[in-house]
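Working notes, structure below.
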Amino acid sequence: MTVQEYTGALARHWVVIVLTALAGGVVGYLYAASQPAQYRSTASVMLAAQQGESPVDLLQGATYVQNLMASYTVLASSPLVLEHAIEDLGLATTPSDLARQVRVDSPLDTSVIEISVAQPSPQEARAVADAVAASLADAVPQVSPRGAQEASAVRVTVIAPATAAQAPVAPNTRFLVASGLLLGALLGCAYAVLRRVLDTRPASAEEAARAADAPVLAELPATPPGVGPAAEMTADPAGAQAEAFRSLLAALRPGDAAQPRQVLLVASGDAEEGRSAVALGLAVALAGLGRRVLLVDADLRHPTVARATGLPPAPGLTDVLAGDASAAVGRPWGPDRLTVLTSGPLPSDPGPLLASDALAAVLRDARAAYDHVVLDSPPALALSDALWLASRADGVLVVVRPGTTRGRRLRRTVARLRLAGGHVLGLVLGGAPLRTRARYAERLRPPSPRRPAAVPGPAEPVPVPVPAGAARGVGEPSPTPAARAGGDEGAA
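Printed below as a string of structure tokens:
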């Protein structure tokens, strides 16, 4: 994963990260509140040699004491010392339990021992610290060597009696809350990264392009439930949806005039990815430029174009492929009067029809009669129908649903289409969030009268005359002079 993918995963799950951090902070606070307060008091004692008449004797005695400082530090928390402290104060505890509350330190290169004691009250902490210091002063002569006069070679002096603490040292509520916040945030980040690693669904245009090894041509904004892109474009020609399709048309314009993109196949790996809606929207956008456009519903398994346009499904493509050219079956639809060829009666096995020479003849006649032909198709992974169509089209657009399409299935879809001879032009992301540039266009566009949201077809289908040479019955509307003059050469 790249740095951008990590940051993107964290940004997408920021709510989870914030919630886990807050939960960690709450847990830290509750834990601090459940712990009893602890007060710490410290008493300091100093060890020195008992005898020494000359500077040499004093130096030797100081060196002797310094060498035994580690031993005396251990002695301060031993049962020999703590038992006497317990007896003096009448504490209801044991030396081992008291030893866990006593901390003994000796500053470097000194003969001082600091005895710190933690207790639930400041008075108890002070009393215990003083008692341990006094007990240590009594115990050191017992374990130290004695001189010629049976006097201890080391004496202990209390140099700083313990004082009552003004504030508890534990629990450290701020530290525990901060630690809980940090730990919760780390857990949230780990969750976000793990979700990203395990989730192979591209969530952005960059991830989809890397997964498919193909460019993203356009990102189409999400539409309200029950409203397709074509209806939204017709209702608001200056809106974000129309602008997104215009961006798609600009990306489809060929850089080489010798490579026309007249017949375009709209495909996807799986169902419910918005393939048919994109095909209809693309046809509407092309027709809006004054082009002569034919939309063919080549999904002979579960056709949806007839339902989306309100046109009868038959007669349609299967009638043309079967050789029934007695009547033109292309119907004008929409405000720009693009021509729609519905599926027709569904065959039991569409494969032979789509692989037949009849389909090649239909597309050949359509190329002569129309500026653009847009083909809708079944899912490319589950069925072979789209593969037959891919080899006959000038270019293939693969529709991707961010957050839904799996990266591995997207790669397989593009690979199957390319293996079948299809020229994959790029990806079209459907249902993408409204980008900043689209919001900018929404703010700056001038007010315009809105058309009705629905784009019904004609109440009675109007037969379209078959153009000369279109022996397979594909009709076209007669373009107006303005439409002919406005059409550019090649695909938009």
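Using my numbering, the first residue of the sequence shown is number -1, and each one after it goes up by one.
For each residue, glycine too, the CB sits at the ideal point set by N, CA and C.
Every value quoted in this text rests on a predicted model; they were computed, and no experiment measured them.
Measure the Cβ-Cβ separation of residue i and residue j and say whether it is below 8 Å.
i      : j      : result
SER133 : SER142 : no
LEU247 : LEU423 : no
THR161 : ARG124 : yes
VAL138 : VAL126 : no
VAL276 : VAL264 : yes
GLY342 : PRO313 : yes
ARG199 : THR403 : yes
GLY186 : ALA19  : yes
LEU351 : LEU293 : no
VAL397 : GLY420 : no
ASP500 : ARG406 : The displayed coordinates of the chain run from -1 to 490. Any statement about residue 500 would go beyond what the structure contains.
ARG305 : LEU381 : no
ALA244 : ALA283 : Before going further, note that residue 244 is Arg rather than Ala in the sequence given. Yes. Within cutoff.
ALA41  : SER109 : no
ASP392 : ARG259 : yes
VAL318 : HIS370 : no
PRO120 : TYR37  : yes
GLU271 : ARG409 : no
LEU57  : LEU80  : no
Mind checking residue i: buried by the 16 CB within 10 Å criterion, or exposed?
i      : result
GLU205 : buried
GLY88  : exposed
ILE157 : exposed
GLY224 : exposed
SER69  : exposed
PRO77  : exposed
ASP211 : exposed
THR155 : exposed
THR337 : buried
VAL72  : exposed
ASP295 : buried
ARG172 : exposed
PRO105 : exposed
Compare the C-alpha of residue i against each of the options and name the closest.
i      : options                        : result
LEU379 : THR402, ALA364, ALA367, LEU415 : LEU415
GLY26  : ALA358, GLY178, ARG410, ALA356 : GLY178
SER94  : ASP103, PRO105, ALA74, ARG172  : ALA74
ARG289 : ASP297, ASP295, VAL43, LEU280  : LEU280
PRO345 : ASP374, LEU284, ALA320, PRO235 : ALA320
GLN117 : GLU85, GLU271, PRO301, ALA35   : ALA35
PRO310 : ALA236, LEU298, LEU8, ARG329   : ARG329
ASP297 : THR316, VAL327, THR307, GLY308 : THR316
VAL327 : GLU3, PRO105, ALA364           : ALA364
GLN164 : GLN140, GLU122, LEU184, ARG194 : GLU122
VAL13  : LEU385, GLU112, GLN2, ALA183   : ALA183
ASP103 : ILE84, LEU96, MET67, ALA83     : MET67
PRO301 : ALA9, ALA135, ARG10, ASP383    : ASP383
Given this structure, state the Cα-to-Cα distance separating residue i from residue j, to the nearest angstrom.
i      : j      : result
THR92  : SER39  : 20 Å
LEU181 : TYR189 : 12 Å
SER476 : SER274 : With a pLDDT of only 36 at SER476, under the threshold of 50, the placement of this residue in the model should not be trusted, and no figure is reported.
VAL360 : THR221 : 33 Å
ALA131 : VAL175 : 35 Å
ALA358 : LEU387 : 9 Å
GLN99  : VAL43  : 18 Å
ALA216 : ILE15  : 31 Å
GLY226 : GLY332 : 14 Å
GLN239 : ALA233 : 10 Å
LEU196 : PRO166 : 47 Å
ALA236 : VAL426 : 20 Å
LEU192 : LEU395 : 32 Å
GLY308 : GLU241 : 25 Å
SER389 : ALA7   : 38 Å
ARG362 : ALA356 : 10 Å
PRO159 : GLY22  : 41 Å
ALA511 : ILE111 : Because residue 511 is not part of the residues shown, which for the chain are -1 to 490, the question remains open.
For residue i, does the three-state DSSP call read helix, strand or coil?
i      : result
PRO77  : helix
PRO461 : Confidence in PRO461 is poor, its pLDDT being 40 and thus under 50, which makes the residue's placement unreliable; the coordinate value appears in the next sentence. If DSSP states are grouped into helix, strand and coil, PRO461 belongs with coil.
GLY428 : strand
TYR4   : helix
GLN58  : helix
ALA436 : Reliability fails at ALA436, whose pLDDT of 48 lies under 50, so the model's placement of it is uncertain and no value is given.
SER324 : For SER324, the predicted structure reports a pLDDT of 47, less than 50, and the residue's modelled location is therefore unreliable. The matter cannot be settled from this model.
LEU250 : coil
VAL225 : coil
SER114 : strand
VAL167 : coil
LEU215 : strand
SER266 : coil
TYR37  : strand
HIS300 : coil
HIS82  : helix
GLY46  : A small fix is needed here, since residue 46 is Ala in this sequence, not Gly. ALA46 falls in the strand class under three-state DSSP.
So is the beta-carbon of residue i under 7 Å away from any non-hydrogen atom of the ligand ADP?
i      : result
VAL294 : You won't find the ligand ADP in this model; it holds no ligand whatsoever.
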